[in-house]
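Structure, as structure tokens:
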Amino acid sequence: MSAKNTAYNTKVTHEDESHQIISSYFIGPQAENLPYFKENINIILEELELARKNYYPQDGNFIDEKTQQTPAFQVSMEKLKNTVRKASNILGKSSIPFWSPRYEAHMCTDLSMASMLGYFMTMLYNPNNVALEASPLSTVAEIEVGEQLCDLFGYNTDEDKADAPTARNLKFYPLSLQKAFQVDQSLNFLSDVFYVETCKGERKLFADLPTWDLLNLKPSDILDLPDRLYQEHGVSNDFLSDVMKNFTVQSTGKDVLEREFGLDSPGQYLLATTRHYSWPKGAAICGLGSDNVVGIPVDAEARLDIGELDKHLRRCVNDKIPVFAVVGIIGSTEEGAVDPLSDVLALRKQYQAEGLSFVIHADAAWGGYFASMLPKDYTPGDIMNLPTEMGEADGFVPDASLRAKTQEDLFAMRFADSITVDPHKAGYIPYPAGGLCYRDGRMRFLVTWTSPYLSRGSVTSIGIYGVEGSKPGASAVSTWLSNRTIGLDQKGYGSLLSEVTWTCSRLSAEWAALTDSSSPFVCVPFNMLPSELDPNTTEEKVEAEKRRIRRDIVNKTNAAIIAEDEKRPDDFKAMKLMRELGSDLNINAFALNFRYEDGCLNDDIEEANYLMQRVVETLSVDSPTDDPTKIPLYLTSTEFSDELYGECKANFVRRLGLEQSSQDLMVLRNVVMSPFPTDGNFTNELASIFYQVVETEVEVVRKRNTLAPDFHKFLIQGVEEIFLIHMPMFHVANHRQQLIVSASFDERSQAKYAALKKSNPTEPMLLVTKHKVMLKDVVEQSGGFHGQIMTKHSGIILQDVYVDLQGTVVSRPLNSRWRLDKYPETFMPFYLYGTPNEANIDHVIVRAPNTQLSAGRCKLDFYKEVDDAIWERPLVLLLEDVREAPMQPFPSNNEIGSKNGAIISHEGFRDGIPANAGVENGERNQSAKDGIKIGVPGLSFSVSSKGDGFRPRGNGQAKEPNGHSNGNGNGANGPKDHEEDESRQPHTAARIVNSGTRSGAARGSGFFFRPGATFKVGVWEDRERGDPSSSFASFELGDFVGRGRLTLGESVYVDSEGMNYDPFKKVEKVTEWRREFDKIGKELD
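So in UniProt numbering, spot 647 of the sequence shown is number 647, and the numbers just go up one at a time.
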């Protein structure tokens, strides 16, 4: 049966010669080239046999035929064969199909045959490239790989024609060297004659240079210092190395040098906030501190914002902050964005004239190999023509070029001081293949313990350079063989990546034009369309461009696009438009939002994220029971946070039709690495699969967010006066409400309930609506409804209960926009209601996930007498000796010790707080004439002596306060006792109660919220609870009522799972991957 896609149809005669060559690089999506691979494997094994037999053949066989025929030998070999077959079978069934064009997720792909053969042939000899004597050939291969990559990036590899050297960061070397020029030190005799040039071009005595000038010598001048000492004053390398042992940062550590030279501000690495996580990780490991890897904001396309970099460098000049390096990311791993490296280089030149110098590093881990797409004679400004030659068959795959600015920045890498590149990414080479290239060869001595030779003579062993110990020579030979056979030029890797770039452009077109106004969802590409970048853009212009994309690109084959472009003027060519779609380097980022049935767009970021999460779960593998062969398309995702993406994220959120939120935005992404899926319009088939998946998931998300009648449960509190606490659920629209109402039952049910509660005081009782209802109707309808009382342990215990609603205590939605950014850090808030004899509390749910914490029939003893009339007012109670944020998220019910919601205390649990429990909090508050500002992380309060209250900010936008005063409880001579504190601010000096939350106690519960537990509390009126304009805020601390002690009653309800339960979530499968390996191990039993 022939495949739908003509790219898979071997009967088609392909006329595109470059694609024919590219097709020879890989085993192929359907193992089309496996016979050729096997042939080469056999050659390798034949050579292995010859190598072993030719080494002292006179030794004879150590394993003879007789031994091989013994039962023990045969059984052992049979076990090995069965295990290999089983392991291979499991790998084939469970491995992700990176080799297929349907895999569009991470930077994983089919490996080149050359790289696999190189790895396999070398692995059989297991050379270790840490030392030449253990790896003679593979060490040479590694050296040649370095030269291949340096040549690719435009670095000079001719030892006799060295460029003016530049170097990586050498900030501390001049400081160390100047110490050797001090009085009584070995180089003091040169202190009056050795001059250097500052980065501002001033000639000064090296020994007299101030610290700032030492820190900002040009990298090339720093590297020249040892050479100049030898050339000008005869100081030998051996002598200098011996002298510097006592002063270098490798010996003393940077802290000593910083202290001796009075460096108050640590040096910084500057790079885009989209940087790879390895940057802060590396800084932490090196002792520089991850905080000193400073993120520079990105623009709307996720590229380093050069204006923001300029501002930060200006601050560094003004505040005398050293800059170790500025990093330009050449292809971010999440968005494929290329930073404006040429602009960074220009900025350095400008700041060097002002006395600030730094190294420039190009992080080209992803983008390095794309430099092969540039012609050898390319110079910035060259016009790269669109492809026009084509074959007659549908097998034609054009070679697409990159954007002009991207080409300029790839070219600019030759002026960077150092470059990182990962051949295991865009080089189609096995892990672990990574490289670090220096523009100046002497830079390698900075990461070795050997003496830094003055010349750049031949390298005999490269294991001494870098931080690795042992490393596989197989990786070096793998990279060398792939680079040599494919070629690091425009006809080799350049042609391959050009076809892949074309594939990426076609998929960009699919995502851009996937939806219209009639679709149940919107698909918005991260990189804006040309029409969106127009200052005079309109929605009509954008939709018109999408229609053009569908007409001229999406619905056409490669050949048709080129043929039709020949008839179009240059400005109207489809190829020109394609070049402007998508990212800089072969990654498409895009996001989804859904429409409700009435056509209105969802505006809640949490729900858009939920949709995308379901889509990714459908199009990925996370369990051994998932069958990779049944997933028709693979995608992955990332997240955009306010911290890292700032205005870039805000812009994307706006384009999706979502309200701004501090929540992270989930973003889908596909990395394009296969050159095969574009012809026969296979990309359109992939997009159709994606559309169908999203369409299916939209129905689920709509249902989750559509208000519909349902059964509702209420926790019953109180006996004197009954209160019903609605059991909320974050994931169901009609249950996404924190609701507390006062109610009464019919006379028969009231009597039976009172009797049941008396005989079962600790067992939570729940009221369940008898029919499906809208929660809103329950709240707003005058009168009541019919229900039945149940317990989780016994089921229904009382039927036909008529509930008469008396009033609403609290009613507030729990949608993400009304929740706060952070959990309260200095207290735990509760709604307080009931009577003087029967206080009830329910935990204020400020964000998700959360836990139901409710207690009825509590005893509240105020330190000072309080008018009973307060119970008629809306009240908020703060546990002031409990910190909520450190405990969130709470553990499972099983770990808490909650059975059916009930909490049973430890035997012998003592009321009150042990004298030695907890810690003191001595934070101070500063009062002002007009009032006091209090900042509670996660909540922001403004307290005025003129009568204003505490106001936590809702709408999911609560910000970290600027001040550092977190509450009260402090007098002039130290912390006030809780009982003495009559201030209106939350008390923060109380001893913290102990909790066995995570102790796994076997008997009872060590959870802090348990029957009989006593807490120090403060009580306030909750302001404006009935005002619709403020009813969505969690609470507002109004007039202060008083402080006292709260003792929880016997009826305590704790549930950390119910409100977080997602009925729409796909069933999580057991992810015990070891079971698969157990199957292999059984073959050895």
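Backbone N, C-alpha and C define an ideal beta-carbon position, used for all residues, glycine too.
Since the model is a prediction, treat every value here as computed from it, not as a measurement.
Cross-strand partners of residue i (DSSP beta bridge)
i     : result
W1020 : V876 and F1040
S759  : DSSP, once it has assigned bridges, lists no residue as partnering S759.
R203  : E197
Between the CA atoms of residue j and residue i - distance to the nearest angstrom
i     : j     : result
P322  : E258  : 11 angstroms
T274  : D440  : 28 angstroms
E142  : W480  : 7 angstroms
L832  : A512  : 52 angstroms
A72   : N61   : 19 angstroms
W366  : A476  : 18 angstroms
F1035 : R883  : 17 angstroms
L270  : F590  : 27 angstroms
Y195  : L225  : 10 angstroms
D184  : P824  : 60 angstroms
A743  : Q717  : 10 angstroms
V326  : H361  : 6 angstroms
G473  : K425  : 18 angstroms
Q352  : H276  : 28 angstroms
I553  : N681  : 10 angstroms
V1019 : L1046 : 11 angstroms
L686  : L611  : 19 angstroms
Range of the contiguous beta strand (DSSP E) that encloses residue i
i    : result
L805 : G795 to P813
P525 : F521 to P525
G784 : G784 to T791
A855 : Q852 to F862
C504 : Run containing C504: none in the beta strand (DSSP E); it sits in the alpha helix (DSSP H), Y493 to A512.
D842 : E838 to H843
H726 : I722 to H726
Y438 : G435 to Y438
I562 : No beta strand (DSSP E) holds I562; the alpha helix (DSSP H) holding it covers N558 to D565.
Per-residue DSSP class, three states only, for residue i
i     : result
V477  : helix
Q738  : strand
F714  : strand
G328  : strand
A1002 : Legend: pLDDT at A1002 = 37, less than 50; position of this residue unreliable, value from coordinates given subsequently. Coil at A1002, not helix or strand.
G996  : Legend: pLDDT at G996 = 48, less than 50; position of this residue unreliable, value from coordinates given subsequently. If DSSP states are grouped into helix, strand and coil, G996 belongs with coil.
N893  : helix
S898  : strand
G427  : coil
L1046 : strand
A574  : helix
V323  : strand
V421  : strand
A400  : coil
Limits of the alpha helix (DSSP H) - the one that residue i falls within
i     : result
Y195  : Run containing Y195: none in the alpha helix (DSSP H); it sits in the beta strand (DSSP E), Y195 to E197.
V1052 : Run containing V1052: none in the alpha helix (DSSP H); it sits in the beta strand (DSSP E), S1051 to D1055.
L410  : A404 to F411
Q74   : P71 to S94
T826  : Where T826 is concerned, there is no enclosing alpha helix (DSSP H), given that its DSSP letter is neither H nor E.
S531  : P530 to L533
V768  : Counting along the chain, V768 falls outside any alpha helix (DSSP H), though it belongs to the beta strand (DSSP E) covering L766 to T769.
V773  : Unbroken run through V773: none, as it is neither H nor E.
I22   : E17 to S23
K1065 : Looking at the DSSP string, K1065 is not in any alpha helix (DSSP H), and its letter there is neither H nor E.
D213  : T211 to L215
CB contact check: residue i to chain B, cutoff 8 angstroms
i   : result
S94 : Among the chains in the structure shown there is no chain B, since it carries only a single protein chain.
Beta strand (DSSP E) runs contained entirely in the region 584–619, provided each spans 3 or more residues: For the beta strand (DSSP E) assignment, the uninterrupted runs of no fewer than 3 residues enclosed by the region 584–619 are, from N- to C-terminal side, 587–594.
Segments of 3+ residues assigned as beta strand (DSSP E) that fall wholly inside the region 227–311: Listed in chain order, they are 268–272 and 293–296.
Ranges of the alpha helix (DSSP H) found wholly within the region 339–374, counting only runs of at least 4: For the region 339–374, whole alpha helix (DSSP H) runs of length 4 or above, ordered along the chain, are 341–352.
Alpha helix (DSSP H) segments (min. 4 residues) lying fully within the region 114–191: List check, alpha helix (DSSP H) in window: 136–153 and 172–179.
Minimum length 3: unbroken beta strand (DSSP E) runs contained in the region 618–682: With a minimum length of 3 residues, the continuous beta strand (DSSP E) runs that stay inside the region 618–682 are 636–640 and 665–671.
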